[in-house]
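Visitor: One structure, as structure tokens, below. Some questions next.
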Amino acid sequence: YDAVATSPTFTASSEVARCYSMITFLETGLAEFIKRLGFAAIPCGNDISLSVPLAIDAGLGQFGRHGLPITKEFGPQVRIAKVLTDMPLVPDEPCLKFCRSVIRFCEVCEKCAEMRPSQSIQYGKERSWAGNTISNNPGAKKWYINPETCYGFWMQNGADCSNCIRSCPYNKPNNFLHRFVLWLTQNAP
């Protein structure tokens, strides 16, 4: 939380790099464990499969306006570790109440779009089924971001940018006020 709060600085970038470094060890260790149980297992970085759709399909959270998963426990401050396997697993059920509340909240919030230096996040209540850039994969009803302008800002800045994560109201320390607001967004009409 504290490192990402400094975005778009090298401090925030180094925290992201540290997390991805840890993910490599987690994925490899989990894949080895599964293999020793007698099942196939392939650790996957971001080059093998798309993390965000898999996280959403796995029931971990809901797409936010910023194109990232928002989870009940950690908000948008998540990095996804993936292992493809033929091991039989019991699927998780998404918390539909939470997912609907994220969509309702993102429809009116727009903080991530306002705080994005590259203007890569769209404004407006309406989500669509297709993005408007070559990097967007159509087929999910969501707010599509513009990865080209986002990455262009990274190059211009010389470091990653996590302003969309930093500014997201779901990205707050887990205290009473945050839990109350989370409850309110899920239960208010």
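Using the working numbering, read the sequence shown as starting at 9 and increasing by one per residue.
Note that the Cβ used here is the ideal one computed from N, Cα and C, for glycine as well.
Mind checking whether ALA148 and PRO61 have CB atoms under 8 Å apart?
Guide: If you number the sequence shown from 1, residue 148 lands on position 140. If you number the sequence shown from 1, residue 61 lands on position 53. The answer is yes: Cβ separation under 8 Å.
Visitor: Mark ASP168 as exposed unless 16 or more other C-beta atoms lie within 10 angstroms of its C-beta, in which case mark it buried.
Guide: Here residue 168 is taken as the residue at index 160 of the sequence shown, counted from 1. The residue in question, ASP168, is buried, as its Cβ has 16 or more Cβ neighbours within 10 Å.
Visitor: Of all the options LEU104, PRO102, ASN154 and ARG135, which has the alpha carbon lying nearest to the alpha carbon of VAL116?
Guide: Looking up residue 116 in the sequence shown gives position 108. Per the Cα distances, ARG135.
Visitor: Applying the 10 Å Cβ sphere with the 16-neighbour rule, what's the burial state of ARG26?
Guide: To locate residue 26, count along the sequence shown from 1; it is residue 18. Exposed.
Visitor: Looking at ARG73 and ALA39, is the spacing between their C-beta atoms short of 8 Å?
Guide: Here the question's residue 39 lines up with position 31 in the sequence shown. Here the question's residue 73 lines up with position 65 in the sequence shown. Against a cut-off of 8 Å, the Cβ pair of ARG73 and ALA39 comes out as no contact.
Visitor: Any chance you could list the alpha helix (DSSP H) runs of at least 4 consecutive residues sitting entirely within the stretch 10-59, in chain order?
Guide: 18-44
Visitor: Looking at C-alpha atoms only, which residue of SER126, PHE113 and ILE64 is the closest neighbour of ASP100?
Guide: The count along the sequence shown starts at 1 and reaches residue 100 at position 92. When each option's Cα is compared against that of ASP100, the closest is ILE64.
Visitor: What number of angstroms, rounded off, separates the C-alpha of ILE88 from the C-alpha of MET30?
Guide: In the sequence shown, the residue the question calls residue 88 occupies position 80. In the sequence shown, the residue the question calls residue 30 occupies position 22. Whole-angstrom Cα-Cα distance: 11 Å.
Visitor: For PHE161, write down the residues that DSSP places opposite it in a beta bridge.
Guide: The residue given as residue 161 occupies position 153 in the sequence shown. Answer is none; PHE161 lacks a bridge partner.
Visitor: I think LYS90 touches CYS52, with their Cβ atoms under 8 Å apart; what is that distance to the nearest whole Å?
Guide: Translated into positions along the sequence shown, residue 90 becomes position 82. Translated into positions along the sequence shown, residue 52 becomes position 44. Correct: roughly 4 Å between the Cβ atoms.
Visitor: Per DSSP, what kind of secondary structure is THR193 in: helix, strand or coil?
Guide: Within the sequence shown, the letter at position 185 stands for residue 193. The answer is helix: DSSP assigns THR193 an H, G or I state.
Visitor: How is ILE64 classed by DSSP in three states: helix, strand or coil?
Guide: On the sequence shown, position 56 is the one that residue 64 refers to. Note: ILE64 maps to helix in three-state DSSP.
Visitor: For PHE18 and CYS107, what's the separation of their Cα atoms in angstroms?
Guide: Residue numbering aside, residue 18 sits at position 10 when the sequence shown is read from its first letter. Residue numbering aside, residue 107 sits at position 99 when the sequence shown is read from its first letter. Looking at the two C-alpha atoms, the distance is approximately 32 Å.
Visitor: Taking C-beta to C-beta, are MET123 and SER170 nearer than 8 Å?
Guide: Numbered from 1 along the sequence shown, position 115 holds the residue referred to as residue 123. Numbered from 1 along the sequence shown, position 162 holds the residue referred to as residue 170. Not a contact, by the Cβ cut-off of 8 Å.
Visitor: Taking only the alpha-carbon atoms, compute the straight-line gap between GLY132 and VAL98 and give it to the nearest angstrom.
Guide: In the sequence shown, residue 132 corresponds to position 124, counting from 1. In the sequence shown, residue 98 corresponds to position 90, counting from 1. GLY132 and VAL98: Cα-Cα distance of roughly 37 Å.
Visitor: Tell me which same chain residues have a C-beta within less than 7 Å of the C-beta of ASN165, skipping the five on either side of it?
Guide: Start at 1 with the first residue of the sequence shown, and residue 165 comes out as number 157. Excluding residues within five positions, the ones whose Cβ falls inside 7 Å are PRO16.
Visitor: According to DSSP, is VAL98 helix, strand or coil?
Guide: Along the sequence shown, read from residue 1 onward, the residue named residue 98 stands at position 90. Note: VAL98 maps to coil in three-state DSSP.
Visitor: Using the C-alpha atoms, what's the distance from THR93 back to TYR159?
Guide: Looking up residue 159 in the sequence shown gives position 151. Looking up residue 93 in the sequence shown gives position 85. Taking the straight line joining both Cα atoms gives about 32 Å.
Visitor: Which residues does DSSP list as the beta-bridge partners of VAL86?
Guide: Stepping through the sequence shown from its first residue, residue 86 is reached at position 78. In the DSSP output, where bridge partners are listed per residue, VAL86 has none listed.
Visitor: In terms of residues, what are the limits of the alpha helix (DSSP H) holding ILE111?
Guide: As a working note, residue 111 is residue 103 in the sequence shown. Note, ILE111: alpha helix (DSSP H), 104-117.
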